[in-house]
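Numbering (this note's numbering), first residue to last: 557 to 865.
Taking it in order: structure first as structure tokens, then the write-up.
In structure tokens, the structure reads:
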């Protein structure tokens, strides 16, 4: 537990909304360092497919990018354990911590804390992941509610539903019960920005970005995942849930044409963006809603950081 009250800038929003570019601009303007809060950008093998920033671009230090191998689990508890001391260290050195990413569970854990939940066995993680992949969204939602009635009409985000089912199957207790007592790990004063891009423009960006990823070598990245075996001790590999991995694997196995794989991955990414927009709209109270860098935004942030610190 850290005791300092830390001014902190959080940049959230949907995939392809421009979070990374804005974070870089603000880091320059506000003497900041950037901490990743994207659950797929923590993996080393998928730089292209996850749109991971280049290492320390323009001299701005970036943290928690590309750290994990394909066999490891970048869970929310793992991320929080890594992120908190980094944020503290950045603050201690007189700089501004800027946390950016679209993984709502990471960001909520930072601002609200994370309750203790016993480790989830790998076989349960694998089983739940199979349910989520094989069932239609509404069928999966009904399955989760059957096991955990307390989350009915409260959760719709697919990742949160997966987590809820994992917890109730592993502990025989609702995730709501485990979450009753939580406190932030850091004493922080967060200023929250949420990127807002018109839906049609966002979807165009997503479609174009998937095509560019293929040109840049995303197919080779996915093929390289399977050049060495996954460790047999683990039955659940979060890296395989990254958008594009399943679709491009199906292309390489001959199940889909390249065009079909791209279109399917684009649709999956658009669906994910829609869920992210819903999450930020429902879970973040009174954020600063923005779509681009401006001098007015900079002044708003400076005033906000002075107010919250």
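By construction, the Cβ of each residue, glycine as well, lies at the ideal position given by its N, Cα and C atoms.
For residue 769, the enclosing alpha helix (DSSP H) begins and ends at 755-772. Take residue 719, set aside five residues on each side of it, and the residues of its chain with a beta-carbon closer than 8 Å to its own are 661, 731, in chain order. Ranking 575, 617, 760 by CA distance to the CA of residue 649 puts 617 first. Counting only unbroken stretches of 3 or more residues, the beta strand (DSSP E) elements lying wholly within the region 600-688 are 652-656, in sequence order.
Burial of residue 759 is indicated by the presence of at least 16 other C-beta atoms within 10 angstroms of its C-beta. The secondary-structure analysis by DSSP pairs residue 745 across a beta bridge with 563. Membership of residue 592 in the beta strand (DSSP E) is indicated by the continuous run 588-592. For residue 718, the enclosing alpha helix (DSSP H) stretches over residues 714-727. Per the coordinates, the alpha-carbon of residue 574 lies some 38 Å from the alpha-carbon of residue 703. Counting of Cβ neighbours within 10 angstroms places residue 757 among the exposed residues, the total staying below 16. In the structure shown, the three-state DSSP call for residue 860 is helix. Residue environment for residue 816: exposed (fewer than 16 other C-beta atoms within 10 angstroms of its C-beta).
In this structure residue 587 is in contact with residue 651, their Cβ atoms being roughly 5 Å apart against a cut-off of 8 Å. In this model, residue 850 and residue 570 are separated by some 20 Å (Cα to Cα).
Taking the Cβ atoms as the reference, residue 585 lies roughly 6 Å from residue 854, within the contact range of under 8 Å. It is roughly 29 Å from the alpha-carbon of residue 668 to the alpha-carbon of residue 626.
The beta carbon of residue 795 is closer than 6 Å to those of 599, 626 in its chain, skipping five residues each way along the sequence. Ranked by how close their Cα comes to the Cα of residue 754, the residues 562, 725, 572, 777 have 572 in first place. Taking the Cα positions, residue 658 is about 12 Å away from residue 834. Taking 8 Å as the cut-off, the beta carbon of residue 663 is found no closer than this to the beta carbon of residue 636. Residue 762 holds the alpha-carbon nearest to the alpha-carbon of residue 819 among 578, 762, 773, 836. Annotated as distal: residue 727 and residue 677, with beta-carbon spacing of 8 Å or more. In the same chain as residue 640, and ignoring 5 residues on each side of it, the C-beta atoms closer than 6 Å to its own belong to 741, 742, in chain order.
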